[in-house]
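**Student:**
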Amino acid sequence: AERAQEYARLLSDRKPDRPGKRKEREKKKSNLELFKEELKLIQEEREERHKYKGVIKQMDDPESGVIIDESKIGSFDCGDPTTTNLYLGNLHPKITEQQLMEVFGKYGPLASIKIMWPRSDEEKARARNCGFVAFMNRKDGERALRYLNGKDVMGYEMKLGWGKGVPIPPHPIYIPPAMLELTMPPPPSGLPFNAQPLPRDRHKVPRMRSDGPYPVDPDDMEKMEKILPQALVKVVIPTERNLLMLIHHTIEFVIREGPMFEAMIMNRELNNPMFRFLFENQSPAHIYYRWKLYSMLQGDIQNKWRTSEFRMFKGGSIWRPPPMNPYTQGMPEELVEPEVEPRKGSLSPTQRDRLEDLIRNMTPERLKVAEVMVFCMEHSEAAEEICDCILESLSNPSTALYKKIARLYLISDILHNCGVKITNASYYRRGLEARLIPIFTEIHQTYKSIESRMKAEGFRMRVMKIFQAWEDWAVYSKDFLIRIQNAFLGLTSDAVEEAGS
1 AERAQEYARL LSDRKPDRPG KRKEREKKKS NLELFKEELK LIQEEREERH KYKGVIKQMD
61 DPESGVIIDE SKIGSFDCGD PTTTNLYLGN LHPKITEQQL MEVFGKYGPL ASIKIMWPRS
121 DEEKARARNC GFVAFMNRKD GERALRYLNG KDVMGYEMKL GWGKGVPIPP HPIYIPPAML
181 ELTMPPPPSG LPFNAQPLPR DRHKVPRMRS DGPYPVDPDD MEKMEKILPQ ALVKVVIPTE
241 RNLLMLIHHT IEFVIREGPM FEAMIMNREL NNPMFRFLFE NQSPAHIYYR WKLYSMLQGD
301 IQNKWRTSEF RMFKGGSIWR PPPMNPYTQG MPEELVEPEV EPRKGSLSPT QRDRLEDLIR
361 NMTPERLKVA EVMVFCMEHS EAAEEICDCI LESLSNPSTA LYKKIARLYL ISDILHNCGV
421 KITNASYYRR GLEARLIPIF TEIHQTYKSI ESRMKAEGFR MRVMKIFQAW EDWAVYSKDF
481 LIRIQNAFLG LTSDAVEEAG S
């Protein structure tokens, strides 16, 4: 108190006016006014910094015509074990950064997102983009890589890898809702400092009087004394930056000038909504203020504090400090939404739709057939389902002849590549073997339905060339090749029996 008064007296001292001048004494500035001036100065400096940042941002805006150094954004496969930046390849050309935020944000807070939009006609002709997503924490990035690599997003299978590390901002651009709840204050409990009672004690909390924080009934007092020591005060850092800065500066003055300064501020700012945190004892801002003041008086500093639980008052509730840098610590595993993984050996609904779309639009051109064949090889773990899909695509009598030829070429390409060193690629040989007789029984029906003799002969010659290629490759035994050839020509009855079995 004496220091506060001395501080105010020294500030009010001034030199005497020159002789002959009327003394115009300036009004004495109290500690509160000095405090306000300091806050105003800080605010002006902050606005100046923001203005400067705005200029820098405009300079980095592609529309401003300034070329950005993309090497600062990230690059693929840097080998840095600490990077949190993921490279994204094979993105749908119309996917937005907001959509990527929703896809990747399920796995942890995001530091930055950047899509490398095509600039030249050559880049646009590729019909796919790439980009980067940086997490606040490496663990979250590893989780996203594990779950999302190879996942179909808008019909494009994403290819992920680690990119060059990028600076981590103090605050993420996106926080998963489940994690955001951890930083939200708990619901009102009616207890001092909004302490949360144990679940078994919630129905025992006595009703508080409007004119006082504690019950006056002896029975209620006894209940309160039993509940409070078991209750937990959860400290939450305010998200409003201006309020947080005001609390911190108030604490600095209270520590320097003592409790009398706090009383003076409360008296002076009684009707100022910015200082409600000093009066509303159960509000999250007051709880933070009370904890932060106590923490710094115990030797902690503003950006580093003890996180272990403690009791601030004898017989009072347990206080739980907020975690330091919660967004750079990684998202707790239990908060991650469980992925609905396709069962082993099957396609996801998106992958199945993609395959059906590829087959439906395939023509006998080599590149078109090769595109579908590559998809099948990349998803060889689902060989049985893919073989069923091919069989189904050849079973529709109304399908155009050229499309049926294209689908037979697809089978031929798959069989030709069964020997490549791709996991599960050999499964196609066995999977197609079980379906080739039903397939060529259907092809026989198509052949018989062709009215034009020339078209029918051209169709037959193409199919026979496929059989000749399979014989040259020795993909199946000669006996089996004769059986499927006879099924196509309608020379045996067992083909029909096997098709129905």
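For the sequence shown, counting from 1, position 313 maps to 313 in UniProt numbering; every step adds exactly one.
Quick reminder that beta carbons are idealized off the backbone N, C-alpha and C, glycines included.
Using the Cβ count rule (16 or more neighbours within 10 Å means buried), how would you classify residue 398?
**Tutor:** So residue 398 counts as exposed.
**Student:** Straight-line CA distance for residue 483 to residue 381?
**Tutor:** Going from the Cα of residue 483 to the Cα of residue 381 covers about 28 Å.
**Student:** My output table needs one value for residue 320: the three-state DSSP class, helix, strand or coil.
**Tutor:** Note: residue 320 maps to strand in three-state DSSP.
**Student:** Return the chain-ordered list of same chain residues with a C-beta closer than 8 Å to the C-beta of residue 42, the five sequence neighbours on each side being excluded.
**Tutor:** For residue 42, where only same-chain residues beyond five positions count, the Cβ hits under 8 Å are 245 and 249.
**Student:** Roughly how many whole angstroms lie between the Cα atoms of residue 347 and residue 354?
**Tutor:** The straight-line gap from Cα to Cα measures roughly 10 Å.
**Student:** Tell me, which residues are paired with residue 114 by DSSP?
**Tutor:** Beta-bridge pairing links residue 114 to 132.
**Student:** Measure the C-alpha to C-alpha separation of residue 166 and residue 138 and round it to an integer number of angstroms.
**Tutor:** Distance between the alpha carbons of residue 166 and residue 138: 12 Å.
**Student:** Rounded C-beta distance between residue 402 and residue 364? I'm assuming under 8 Å.
**Tutor:** At roughly 6 Å, the Cβ-Cβ gap stays under 8 Å, so residue 402 and residue 364 are in contact.
**Student:** Would the segment 133-149 count as touching the segment 191-202 if we require 3 or more Cβ pairs under 8 Å?
**Tutor:** No: the two stretches stay apart, fewer than three of their Cβ pairs being nearer than 8 Å.
**Student:** Between which two residues does the beta strand (DSSP E) holding residue 191 run?
**Tutor:** Segment: none, residue 191 is in no beta strand (DSSP E) and carries neither H nor E.
**Student:** Thinking just about the alpha-carbon of each residue, which of 112, 323 and 234 is nearest to the one in residue 290?
**Tutor:** Nearest C-alpha to residue 290: 234.
**Student:** Taking C-beta to C-beta, are residue 404 and residue 391 nearer than 8 Å?
**Tutor:** Going by C-beta atoms, residue 404 is not nearer than 8 Å to residue 391.
**Student:** Which residue comes first and which comes last in the beta strand (DSSP E) that contains residue 141?
**Tutor:** That residue, residue 141, is in no beta strand (DSSP E); its alpha helix (DSSP H) goes 138-148.
**Student:** Given 8 Å as the limit, is there contact between the segment 273-286 and the segment 315-334, that is, 3 or more CB pairs closer than that?
**Tutor:** Counting Cβ pairs under 8 Å, fewer than three are found: no touch.
**Student:** Grouping DSSP H, G and I as helix and E and B as strand, with all else coil, what is residue 310?
**Tutor:** Three-state result, residue 310: strand.
**Student:** Are any of the Cβ atoms in chain D nearer than 8 Å to that of residue 416?
**Tutor:** Looking for chain D here will not work: only one protein chain is present.
**Student:** Rounded to the nearest angstrom, what separates residue 263 and residue 231 at their Cα positions?
**Tutor:** Residue 263 and residue 231: Cα-Cα distance of roughly 29 Å.
**Student:** For a test of the three-state rule: what should DSSP assign to residue 433, helix, strand or coil?
**Tutor:** DSSP places residue 433 in helix when its eight states are reduced to three.
**Student:** Buried or exposed: residue 254, going by 16 or more other Cβ atoms within 10 Å of its Cβ?
**Tutor:** Its Cβ being crowded by 16 or more others within 10 Å, residue 254 is buried.
**Student:** Skipping 5 residues on each side, what residues in its chain have a beta carbon closer than 8 Å to that of residue 457?
**Tutor:** Nothing listed; no residue qualifies.
**Student:** Tell me the rounded alpha-carbon separation between residue 125 and residue 436.
**Tutor:** Distance between the alpha carbons of residue 125 and residue 436: 38 Å.
**Student:** Which partner residues does residue 304 have in the DSSP bridge list?
**Tutor:** The partner list for residue 304 (beta bridge, DSSP) reads 301.
**Student:** Given this structure, state the Cα-to-Cα distance separating residue 475 from residue 361, to the nearest angstrom.
**Tutor:** If you take the alpha carbons of residue 475 and residue 361, they lie about 27 Å apart.
**Student:** Compute the distance between the beta-carbons of residue 488 and residue 444, then report whether it is under 8 Å.
**Tutor:** Yes. Within cutoff.
**Student:** Identify every residue that forms a DSSP beta bridge with residue 232.
**Tutor:** Answer is 196 and 318.
**Student:** Between the alpha carbons of residue 189 and residue 169, how many angstroms are there, rounded?
**Tutor:** Each residue's Cα considered, the two are about 35 Å apart.
**Student:** Relative to the C-alpha of residue 502, which candidate in 400, 407, 269 and 298 has its C-alpha closest?
**Tutor:** Because the chain is modelled from 1 through 501, residue 502 falls outside the range shown and cannot be assessed.
**Student:** Under a three-way DSSP split, which group does residue 80 fall into?
**Tutor:** DSSP places residue 80 in coil when its eight states are reduced to three.
**Student:** Cutting at 7 Å between CB atoms, please list the residues of its own chain near residue 220, excluding the five before and the five after it.
**Tutor:** 206, listed in sequence order.
**Student:** Looking at the unbroken alpha helix (DSSP H) that takes in residue 160, where does it start and where does it end?
**Tutor:** First-last for residue 160: 159-162, but that is the beta strand (DSSP E), not the alpha helix (DSSP H).
**Student:** Quick one: give me the first and last residue of the beta strand (DSSP E) that residue 402 is part of.
**Tutor:** No beta strand (DSSP E) holds residue 402; the alpha helix (DSSP H) holding it covers 401-416.
**Student:** Does DSSP put residue 153 in a helix, in a strand, or in coil?
**Tutor:** Residue state, collapsed to three classes: strand.
**Student:** Can you grab the Cα-Cα spacing for the pair residue 513 / residue 427, in whole Å?
**Tutor:** The displayed coordinates of the chain run from 1 to 501. Any statement about residue 513 would go beyond what the structure contains.
**Student:** From which residue to which residue does the alpha helix (DSSP H) around residue 358 run?
**Tutor:** Residue 358 -> alpha helix (DSSP H) spans 349-360.
**Student:** DSSP on residue 108, reduced to helix/strand/coil?
**Tutor:** Residue state, collapsed to three classes: coil.
**Student:** Just the Cα atoms here: how many angstroms apart are residue 236 and residue 270?
**Tutor:** The alpha-carbon atoms of residue 236 and residue 270 are separated by roughly 24 Å.
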